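**Student:**
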Amino acid sequence: MSTFLFYMTDVEAGGATVFPQINLSLWPKKGAAAFWHNLHPSGEGDELTRHAACPVLVGTKWVSNKWIHERGQEFLRPCGLSPKDL
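Here the sequence shown is numbered in UniProt numbering, starting from 1 and rising by one per residue.
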């Protein structure tokens, strides 16, 4: 699985996305995006991609995530036609 994180707004103060294991801070800038692979090729989680959002001190922060999966899951848990199947 991979992640695209899109920054939709500028933030006046605060709001960084931090990756503590690699000492990286990404500051929100409208129109910018970040991309990373969440898993190793073996399928195990990559600890280096653990991240968190710092509080916004002034302004607002809007982001959009797009998760990209290597395989679909339509055969693991198919969608039903009835509400009770959800």
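From the three backbone atoms N, C-alpha and C, an ideal C-beta is built for every residue, glycine too. These numbers come from a predicted model, not from an experiment.
For the beta strand (DSSP E) that contains A33, what are its first and last residues?
**Tutor:** By one-based count along the sequence shown, residue 33 stands at place 33. 33-37 is the extent of the beta strand (DSSP E) around A33.
**Student:** State buried or exposed for K30, treating a residue as buried only when at least 16 other CB atoms are found within 10 Å of its CB.
**Tutor:** On the sequence shown, position 30 is the one that residue 30 refers to. K30 is exposed by the Cβ-count criterion.
**Student:** With 16 other CB atoms within 10 Å as the buried threshold, where does G15 fall?
**Tutor:** On the sequence shown, residue 15 is found 15 positions in, with the first residue counted as 1. Classification of G15: buried, given that the 10 Å Cβ count is 16 or more.
**Student:** Name the two residues that bound the continuous beta strand (DSSP E) containing S64.
**Tutor:** In the sequence shown, the residue the question calls residue 64 occupies position 64. S64 -> beta strand (DSSP E) spans 63-68.
**Student:** Cα-Cα, which of W62, E44, A52, I68 is closest to F19?
**Tutor:** The residue given as residue 19 occupies position 19 in the sequence shown. Among W62, E44, A52, I68, the Cα nearest to that of F19 is on A52.
**Student:** Can you list, in chain order, the residues of its chain with a C-beta nearer than 6 Å to that of V58? Leave out the 5 residues immediately preceding and following it.
**Tutor:** Start at 1 with the first residue of the sequence shown, and residue 58 comes out as number 58. Cβ within range, chain order: E12, A13.
**Student:** Is it buried or exposed, P41, if we count other Cβ atoms within 10 angstroms and call 16 or more buried?
**Tutor:** Start at 1 with the first residue of the sequence shown, and residue 41 comes out as number 41. P41 is exposed by the Cβ-count criterion.
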